[in-house]
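Asks: In the numbering used here, the protein residues as written are 50 to 327.
Cβ coordinates follow ideal geometry from the N, Cα and C atoms, glycine included.
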């Protein structure tokens, strides 16, 4: 599932459309499960075509194309979605094409193999209702230890599960939560309400360091090969993973074998020696 580093890489890849004008919106035929696309394409075109692109932002795990009208195109990749400016991995799964006049890119596409993502055009009021501060916590690149502790410090949940809560901190998913906790030296099953202030500080410092490093490597392309950057090229951070999907392999810090457990129906990878449970 694309997480903050992958989606930020997508955002940077299409940021060159800023200053251009949306010239066309086409929903492409696909024989697989249809994505959520709203409003209907005729209404989408009426509101988007002719509008200048004011900015290309990211909120959590979504690319946000802000239009001069105040409306925003939300591209949410979910499990297998991509935002592309180059040839896709397989044209069968292209879902939407946007044509742009005057930008760095003449077109960009939304591609989704499994059809779990969505493309929506939201008014400012709809945006606040769906993605405002009542729905999403602070961005993981900007969260502070005080803020994260205030949002999770009273919870009896395990910290790995807490980090996946987008209302607490936006952008972290299963892969990067495991990597962050290994760097921070915190056991993934430690209860949030039992973590110390220094541990919260280490978690937030590790969050910033891991995510910035992953962005530098343009995200992680896993063994299924689904994730690509906007130019349809692999990311490189999978070569830097410390624990994720490395069960049985040596910990890069102490060389003990990485272990796997299941939390909230998701695999968690950790080192029992570097991440001791107090």
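By the three-class DSSP mapping on this structure, what secondary structure does residue 86 have?
Replies: On the chain shown, residue 86 is found 37 positions in, with the first residue counted as 1. In this structure, residue 86 counts as strand in the three-state DSSP scheme.
Asks: Looking at residue 256: is its Cβ nearer than 7 Å to the Cβ of residue 189?
Replies: Taking the chain shown and counting its residues from 1, one reaches residue 256 at position 207. Taking the chain shown and counting its residues from 1, one reaches residue 189 at position 140. Their beta carbons are under 7 Å apart, which means residue 256 touches residue 189 by this criterion.
Asks: Which residue marks the beginning of the alpha helix (DSSP H) containing residue 194, and which one marks its end?
Replies: The residue you call residue 194 lines up with position 145 of the chain shown. Residues 194–201.
Asks: Pull up the distance between the alpha-carbon of residue 157 and that of residue 174, whole angstroms please.
Replies: On the chain shown, residue 157 is found 108 positions in, with the first residue counted as 1. On the chain shown, residue 174 is found 125 positions in, with the first residue counted as 1. Whole-angstrom Cα-Cα distance: 26 Å.
Asks: For residue 167, report the span of its beta strand (DSSP E) as first-last.
Replies: Looking up residue 167 in the chain shown gives position 118. Here the beta strand (DSSP E) through residue 167 covers 167–171.
Asks: When the Cα of residue 74 is compared with those of 170, 113, 118 and 222, which residue comes out closest?
Replies: Looking up residue 74 in the chain shown gives position 25. Nearest option by C-alpha distance: 170.
Asks: Taking the alpha-carbon positions, what's the residue 185 to residue 111 distance?
Replies: Here residue 185 refers to the residue found at position 136 of the chain shown. Here residue 111 refers to the residue found at position 62 of the chain shown. Distance between the alpha carbons of residue 185 and residue 111: 12 Å.
Asks: On a Cα-Cα basis, can you pick out the residue from 78, 276 and 216 that is closest to residue 284?
Replies: Sequence index remark: in the chain shown, residue 284 carries index 235 (1-based). The candidate whose alpha carbon is nearest that of residue 284 is 276.
Asks: Keeping to the same chain, check which residues put their C-beta closer than 7 Å to that of residue 128; ignore five residues upstream and five downstream.
Replies: Start at 1 with the first residue of the chain shown, and residue 128 comes out as number 79. The answer, listed in chain order, is 50, 163 and 165.
Asks: How far does the alpha helix (DSSP H) with residue 58 in it reach, from first residue to last?
Replies: Here residue 58 refers to the residue found at position 9 when the chain shown is read from its first residue. Taken as a continuous stretch (DSSP letters only), the alpha helix (DSSP H) holding residue 58 covers 53–63.
Asks: Can you give me the start and stop residues for the alpha helix (DSSP H) that residue 254 sits inside?
Replies: For the purposes of this step, residue 254 is identified with residue 205 of the chain shown, where counting begins at 1. Segment 246–265, the alpha helix (DSSP H) holding residue 254.
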